[in-house]
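These notes are about the structure you will find just below.
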Ligand SMILES: [Zn+2]
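Residue numbers (the numbering used here): 27 to 156.
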């Protein structure tokens, strides 16, 4: 293991047993979200699609499922950083239409329709709900 790098191990939940190696120690946070690779898409005809085990989000995603993990207090007999599963959460996409006419790719603030950036924007144009 290189200096300044650590290993993250996840316990419980959808990513049980998953290990991420060579993570910069600077990037170790007390609470992390791990996308589960599943969620919903909005199709052009207004239909709802489903995706699962996706390596990355499809461009038309509007909800994806993530798992929250909390960092364990460091126990001296273990190497690396260990996270325990807390809960699953659904992440919604910002509904704003960007100035270029595209769909904002950011995550919406929980309980709101838009992301942090668009919450401050004037003349906001929203994508109609399906
Ligand atoms: Zn936005």
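Where is the CB? At the ideal position from N, CA and C, for every residue including glycine. Model, not experiment: these values are computed from the prediction.
Next item on the list: Kindly indicate which three-state DSSP category residue 143 falls into: helix, strand or coil?
Entry: In this structure, residue 143 counts as helix in the three-state DSSP scheme.
Item checked: Sheet register partners of residue 75 (DSSP bridge) -> Answer is 67.
Note to self: Assuming residue 118 is part of the beta strand (DSSP E), what are its boundary residues?
What the structure shows: Element bounds for residue 118: 107-118.
Note to self: Checking 9 Å against the spacing of the C-beta atoms, do residue 121 and residue 131 come in under that value?
What the structure shows: no
Notebook entry, point to check: My guess is that residue 115 and residue 94 are in contact by the Cβ rule of under 8 Å, so how many angstroms apart are they, rounded?
Noted result: 6 Å
Note to self: Buried or exposed for residue 51, going by 16 or more other Cβ atoms inside 10 Å?
What the structure shows: exposed
Next item on the list: Mind the definition here: the region 42-60 touches the region 70-87 only if three or more C-beta pairs lie below 8 Å; say whether that holds.
Entry: no
Checklist line | Cα-Cα separation between residue 155 and residue 88, rounded to whole angstroms | finding: 10 Å
Item checked: Classification of residue 140 by the beta-carbon crowding that lies within 10 angstroms, buried from 16 upward -> buried
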